[in-house]
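Accompanying notes for the structure given below.
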Amino acid sequence: MTDQATTTFADVSRVEEVAPGRFTAAAHPEWTIGGKPNGGYLLAMLGRAATSSASHRDVLAASAHYLRAPEPGPVELGVEVLRTGRSASQVRARLTQNDTSCVEAMFTLGALDAESKPYWGEGMPEPEGREYADCVPVTGPAGGGPGPVIMDQVDLRIQPEDLGFGRGAPSGAGVLRGWLGLPGGADFDPLSLLYAVDAFPPATLDIALTGWVPTLELTAYVRALPAPGPVRVLHKAQLIEGNRVDEVCLVWDSRGRLVAQATQLAGIRLDPPA
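First residue of the sequence shown: 1, per full-length UniProt numbering; consecutive thereafter.
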């Protein structure tokens with residue numbers, strides 16, 4: 001873990017209720033990429049406001065549309081509970097800055113059982129890749145050059161076989177595998193898992209050397225309460241077409257249980273193939 005991290009994830013995603021359904025927060029300047037707050041981090045902030053407003057306290061599903069990136073600093077969050085049922089609640093949330101909408105999200109909330117076990121899981125891949133100690137930290141100067149400042153806040157490690165982009169030689173597989181830890185070694189919870197599914201560099205770096213790709217839409221499912229410790233991440237690009245790419249992210253906890261998954265659509269600009 002880098003010694004530059006000075007705040008916990010709970011601190012940087014904290015929200016304050018100022019009226020029923022209305023919250024204020026501050027997008028932390030060190031949780032940014034190119035000066036703009038990370039999308040998963042903003043979704044976790046919205047999830048914190050949503051779970052503070054409804055009777056169900058765990059995020060089961062979230063879908064966010066990113067309209068524009070806010071600047072670091074004060075933001076406002078509005079929450080509307082659309083439905084409250086016995087097993088789930090649906091909540092709409094919006095993040096604004098200076099009266100301008102930045103992120104619109106829908107949440108399904110419920111209760112996650114720490115003792116639950118999958119009934120069937122053959123449709124999902126098994127966790128694979130190197131163990132935590134065998135992966136390469138990419139905090140600070142990632143891949144031989146300066147990285148986004150958010151990388152100094154977390155313990156993000158990628159297995160060496162997937163780091164060809166740092167040498168200017170991506171493999172072309174479009175896959176990044178590794179591990180993620182929170183500041184101070186804090187344990188993950190359903191809210192920080194919303195950040196985890198968007199924490200890795202774009203998997204497109206393993207295809208072509210481009211800049212950071214802006215998320216247009218992100219859908220995440222939280223499947224289980226995670227065990228203590230860092231989480232294993234598989235981040236994979238699926239199709240690049242029309243200056244857009246869709247990526248899949250799977251997250252397993254330290255016991256090998258799938259705890260979160262996500263898909264996102266992002267913008268990307270590539271040189272045309274030769």
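In this text, a Cβ means the ideal position worked out from N, Cα and C, and glycines have one as well.
V136 versus A203 - alpha carbon distance:
16 Å
For G110, collect the residues of the same chain with a Cβ closer than 8 Å to its Cβ; drop the 5 residues on either side in sequence, then sort them by chain order.
H56, D58, L60, S87, A88 and S89
What are the start and end residues of the beta strand (DSSP E) that includes R177?
Run containing R177: V175 to G181, per the beta strand (DSSP E) assignment.
Taking the alpha-carbon positions, what's the E30 to L265 distance?
24 Å
Using beta-carbon positions only, say whether T24 and E16 come within less than 8 Å of one another.
yes
Please classify E247: does DSSP put it in a helix, a strand, or coil?
strand
To the nearest angstrom, report how far apart A173 and L193 are at their CA atoms.
25 Å
Beta-carbon proximity list for V12, same chain, < 7 Å, skipping 5 on both sides
H28 and W31
Where Q261 sits in the DSSP three-state scheme
strand
Over what stretch of residues does the alpha helix (DSSP H) that includes D113 continue unbroken?
Counting along the chain, D113 falls outside any alpha helix (DSSP H), and DSSP gives it neither H nor E.
Spatial neighbours of L209 within its chain, please: CB distance less than 8 Å, with the 5 preceding and 5 following residues excluded, ordered by chain position.
Non-local beta-carbon contacts of L209 in its own chain, meaning distances under 8 Å to residues more than five positions away in sequence, involve F165, G168 and P170 in chain order.
Let me make sure I understand the geometry here. Which of D155, Y221, A26 and M151 has the alpha-carbon closest to that of M106?
Of the listed residues, the one whose Cα sits closest to M106 is Y221.
Rounded to a whole number of angstroms, what is the C-alpha to C-alpha distance between residue 276 and L112?
Absent from the model: residue 276. The displayed extent of the chain is 1 to 274, so no value can be given.
Beta-carbon within less than 6 Å of Q97's beta-carbon, same chain only, minus the 5 sequence neighbours each way: which residues are those?
For Q97, where only same-chain residues beyond five positions count, the Cβ hits under 6 Å are P70 and V75.
Run the CB neighbour count on R255, radius 10 Å, all protein chains shown included, and call it buried at 16 or more, exposed below.
With fewer than 16 Cβ atoms within 10 Å of its Cβ, R255 is classed as exposed.
Specify, as a first and last residue, the run of the alpha helix (DSSP H) that P190 falls within.
P190 to A196
I'd like the list of long-range same chain contacts for A49, defined as Cβ closer than 7 Å, with 5 residues on each side in sequence excluded.
Closer than 7 Å at the Cβ level, and outside the excluded window around A49, lie V15, F23, L77, V79 and A93.
According to DSSP, simplified to helix, strand and coil, what is V149?
helix
Alpha carbon to alpha carbon, how far is Y195 from G242?
27 Å
Report yes if the C-beta distance between D253 and P226 is below 8 Å; otherwise report no.
yes
Tell me the residue span of the alpha helix (DSSP H) that contains G40.
G39 to S53
Between G267, A26 and G34, which has its C-alpha nearest residue 278's C-alpha?
The structure shown does not extend to residue 278, since the chain is modelled only from 1 through 274, so no value can be given for it.
How would you call W179, buried or exposed, if buried means at least 16 neighbouring beta carbons within 10 angstroms?
buried
Inspect the beta-carbon positions of L258 and R223 and report whether they are closer than 8 Å.
Contact: yes.
My assumption, with CB atoms under 8 Å, is that A237 sits in contact with V245. Please give the rounded CB distance.
Confirmed, about 6 Å.
Less than 7 Å between C-beta atoms, sequence neighbours within five positions excluded: which residues of the same chain meet that for P141?
For P141, the predicted structure reports a pLDDT of 42, less than 50, and the residue's modelled location is therefore unreliable. The matter cannot be settled from this model.
Residues in its own chain within less than 6 Å of V103 by CB, not counting five upstream and five downstream?
Counting only Cβ-Cβ distances below 6 Å, and skipping sequence neighbours, we find L42, A64, Y66 and L95.
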